[in-house]
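Residue numbers (this note's numbering): 4 to 263. Where a beta carbon is used, it is the ideal one built from N, C-alpha and C, also for glycine.
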């Protein structure tokens with residue numbers, strides 16, 4: 004009889020241990036402290052326009068910082084640039100950031116977010132770099148510094164527009180996206196943007212292999228088709244290879260924040 008009781012006790016103990024082992028992962032998953040969701044809720048405050056997250060507040064600060072250095076950069080381009088294309092790009096920077104900066108300050112005042120009143124040290128360095136350059140070097144520096152900054156901000160604007168639960172931030176992100184695209188278009192129209200440098204920098208920061216179909220012919224780029232010159236273009240009057248191609252500038256600089 005005693006032996007039978009001891010056997011029953013052992014079976015019950017084994018069952019309890021098994022149930023405990025099965026329940027532990029469920030309990031652990033239910034404890035969400037330290038997860039992304041937990042951090043999101045901890046950094047979010049309630050407003051009459053919806054929850055305001057830390058990413059939303061950072062977005063407002065970056066919009067303000069962008070205006071603080073890109074407005075004077077645009078004004079400088081209008082006054083100093085030799086070519087009309089650079090002056091036009093500068094004009095778009097001034098108009099776009101003047102409006103975006105005003106709206107960002109209005110939104111920040113409603114949401115109680117404190118904004119900076121001067122560019123950060125890195126942005127002041129870019130302004131000094133532009134002020135020290137002249138002629139063609141100035142135009143290349145202007146186009147590449149600003150094009151690189153605007154290109155990088157797309158991901159932040161998209162993230163904020165996609166994830167924010169605040170209606171004021173969502174509208175500002177929509178407006179910022181339009182402004183960034185307009186400025187990118189004008190900067191590229193100058194013909195001074197070094198796309199190879201931008202692509203090289205982006206590739207250097209990528210760890211995962213790109214997906215998609217393989218290149219034609221098993222990875223060998225197709226040979227360019229031969230193009231016959233016009234009949235009235237003699238060999239001596241043909242442009243030399245690379246003529247008119249702007250020089251490159253090193254755009255491998257830390258991200259300036261939003262910089263639309």
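Could you pull out every unbroken alpha helix (DSSP H) segment of at least 4 residues lying fully inside the region 119-149, listed in chain order? 124-135
Checking 9 angstroms against the spacing of the C-beta atoms, do residue 178 and residue 83 come in under that value? no
Segments of 4+ residues assigned as alpha helix (DSSP H) that fall wholly inside the region 165-218: 170-191, 198-207
For residue 116, does the three-state DSSP call read helix, strand or coil? coil
Taking 6 angstroms as the limit between beta carbons, can you name the residues of its chain near residue 104, skipping five residues before and five after? 70
For residue 77 and residue 95, the rounded distance between their alpha carbons: 8 angstroms
Could you check where the alpha helix (DSSP H) with residue 58 kicks off and where it finishes? 57-83
Measuring CB to CB, does residue 139 end up less than 9 angstroms from residue 193? no
Below 8 angstroms, can you find three or more Cβ-Cβ pairs linking the region 121-133 to the region 182-191? no
Measuring CB to CB, does residue 190 end up less than 9 angstroms from residue 165? no
Cα-Cα separation between residue 126 and residue 59, rounded to whole angstroms: 21 angstroms
Which word fits residue 113, buried or exposed, when buried means at least 16 other C-beta atoms lie within 10 angstroms of its C-beta? exposed
Measuring CA to CA, which of 47, 45, 52 is closest to residue 173? 52
With distance defined between alpha-carbon atoms, name the residue in 67, 44, 64, 72 nearest to residue 148. 72
Helix, strand or coil for residue 28, going by three-state DSSP, please let me know. Only weak support exists for where residue 28 lies, its pLDDT of 42 falling under 50; the value from the coordinates is given anyway. Residue 28: helix per DSSP, three-state reduction.
What separation, rounded to the nearest whole angstrom, lies between the Cα atoms of residue 45 and residue 57? 9 angstroms
What separation, rounded to the nearest whole angstrom, lies between the Cα atoms of residue 117 and residue 67? 10 angstroms
Compute the distance between the beta-carbons of residue 74 and residue 101, then report whether it is under 9 angstroms. yes
Leaving aside the five residues before and after residue 163 along the sequence, list all residues of the same chain whose C-beta is less than 7 angstroms from its C-beta, in chain order. 58, 59, 62, 172, 176
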